[in-house]
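Student: This is the structure I have questions about; it appears just below.
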Amino acid sequence: MLSVVIPTRKRPKILQNLIDSLFDNKHGEIEVLVVKDLDDNSPSDTRIRLYSVPRMDNISYYTNYLAKRSRGSHILSLNDDTIVKTKDYDKIIKETLCDIIDYGYPSLGTPNRYSWPIITQQAYRNLGFIFHPKWKSHGADVHLNKIFSGAGIGKSVPIEVVHLSHHYKLAPKDETAAHAQEMSNWAELDTMELGFDDVEFFSQKVMVNKC
Numbered sequence: 013m014l015s016v017v018i019p020t021r022k023r024p025k026i027l028q029n030l031i032d033s034l035f036d037n038k039h040g041e042i043e044v045l046v047v048k049d050l051d052d053n054s055p056s057d058t059r060i061r062l063y064s065v066p067r068m069d070n071i072s073y074y075t076n077y078l079a080k081r082s083r084g085s086h087i088l089s090l091n092d093d094t095i096v097k098t099k100d101y102d103k104i105i106k107e108t109l110c111d112i113i114d115y116g117y118p119s120l121g122t123p124n125r126y127s128w129p130i131i132t133q134q135a136y137r138n139l140g141f142i143f144h145p146k147w148k149s150h151g152a153d154v155h156l157n158k159i160f161s162g163a164g165i166g167k168s169v170p171i172e173v174v175h176l177s178h179h180y181k182l183a184p185k186d187e188t189a190a191h192a193q194e195m196s197n198w199a200e201l202d203t204m205e206l207g208f209d210d211v212e213f214f215s216q217k218v219m220v221n222k223c
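Written as structure tokens, this is what we have:
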């Protein structure tokens, strides 16, 4: 089974488009886990597992909260303003990431592939996170990719994920997007290498119990 983890905030229609794309294009069993803030409205789709938590200005926290509750052999992390367009994407993921400790990213769609990591459950358990909580927003995906690159792991998964983001002029900048941008310390991101001093440690940690 594939687990899909999705943090969301005040984007019910956009979120529903993503949920529909996940269920319309799946091949086998999936679980879709969504986390929202306590003050946000609840989506009405009964196919998802919904969690409500106090507001945290940390996208990594939300993602890891859901990953901890996932039950699938593989975990796909998505933003709520994405759409999965490939038929049988879950089957493709499992066939491509076939090792017990494995990591990959969509090779098709809008060009920010590392933002949508796919890791096996065992890889997640070894690390203890998908995105390290020190990264509140931008940089978390790059950090994760460097960890797996250091371990010699990283596969392009031939599925298409479209990011309906204002960055690609596919959507206006809404409240959630504006807040995410404000939350990012762009000056710090210019020297992001300073945040990668733990990559070697986690690259070794993720390889524990690899056959």
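The working numbering numbers the first residue of the sequence shown as 13 and each following residue consecutively.
For every residue, glycine included, the Cβ atom is placed at its ideal position computed from N, Cα and C.
Since this is a predicted model, take the numbers as computed values, not measurements.
Taking just the CA atoms, how far does I31 sit from P55?
Tutor: Cα-Cα distance, rounded: 10 Å.
Student: Let me know if V220 comes out buried or exposed under the rule of 16 or more other beta-carbons within 10 Å of its beta-carbon.
Tutor: By the 10 Å Cβ count, V220 comes out exposed.
Student: Exposed or buried, what is F213 when buried is set at 16 or more other beta-carbons lying within 10 Å of its beta-carbon?
Tutor: Per the 10 Å Cβ criterion, exposed.
Student: Could you pull out every residue in the same chain whose Cβ sits closer than 8 Å to the Cβ of F35, ignoring the five residues on either side in sequence?
Tutor: The answer, listed in chain order, is I42, V44 and R59.
Student: Roughly how many angstroms separate the alpha carbons of S89 and D209, rounded to a whole number?
Tutor: Taking the straight line joining both Cα atoms gives about 24 Å.
Student: Enumerate, from N- to C-terminal direction, the unbroken alpha helix (DSSP H) stretches of 4 or more residues contained entirely within the segment 100-148.
Tutor: DSSP runs (the alpha helix (DSSP H)) wholly in the segment 100-148: 101-108 and 133-139.
Student: Contact between the segment 83-99 and the segment 125-134 is defined here as three or more beta-carbon pairs at a separation below 8 Å; is this criterion met?
Tutor: The segment 83-99, when compared against the segment 125-134, does touch it at the 8 Å Cβ threshold.
Student: Suppose contacts are defined by Cβ-Cβ distances below 8 Å. Is N138 in contact with K217 by that definition?
Tutor: Against a cut-off of 8 Å, the Cβ pair of K217 and N138 comes out as a contact.
Student: Are three or more beta carbon pairs between the segment 139-148 and the segment 103-121 nearer than 8 Å?
Tutor: No: the two stretches stay apart, fewer than three of their Cβ pairs being nearer than 8 Å.
Student: Leaving out the 5 sequence neighbours to the left and right, which residues in its chain are closer than 7 Å to V174 when beta-carbon positions are compared?
Tutor: Excluding residues within five positions, the ones whose Cβ falls inside 7 Å are T94, I95, K97, G121 and T122.
Student: For D92, does the count of other Cβ atoms within 10 angstroms reach 16, so buried, or fall short, so exposed?
Tutor: By the 10 Å Cβ count, D92 comes out buried.
Student: By alpha-carbon positions, which one of S64, D69, I18 and G164 ends up nearest to L50?
Tutor: Cα-wise, what sits closest to L50 is S64.
Student: By the three-class DSSP mapping on this structure, what secondary structure does I60 have?
Tutor: Coil at I60, not helix or strand.
Student: So what does E41 bridge to, in DSSP terms?
Tutor: Beta-bridge pairing links E41 to no other residue.
Student: Please identify the residue among I26, V17 and L14 whose C-alpha is closest to the C-alpha of S177.
Tutor: Among I26, V17 and L14, the Cα nearest to that of S177 is on I26.
Student: Buried or exposed: where does D153 fall if 16 or more other Cβ atoms within 10 Å of its Cβ makes it buried?
Tutor: It counts as buried.
Student: Would you report the Cα separation of D100 and G84, rounded to the nearest angstrom?
Tutor: For D100 and G84, the distance between alpha carbons rounds to 16 Å.
Student: Is L27 close to chain B, meaning its C-beta is less than 8 Å from at least one C-beta of that chain?
Tutor: The chain labelled as chain B is not found in the depicted structure, where only one protein chain is given.
Student: DSSP state of K167, grouped into three classes?
Tutor: Correct three-state label for K167: strand.
Student: Of the residues K80, Y73 and N53, which one's Cα is nearest the Cα of Y136?
Tutor: The shortest Cα separation from Y136 among K80, Y73 and N53 belongs to K80.
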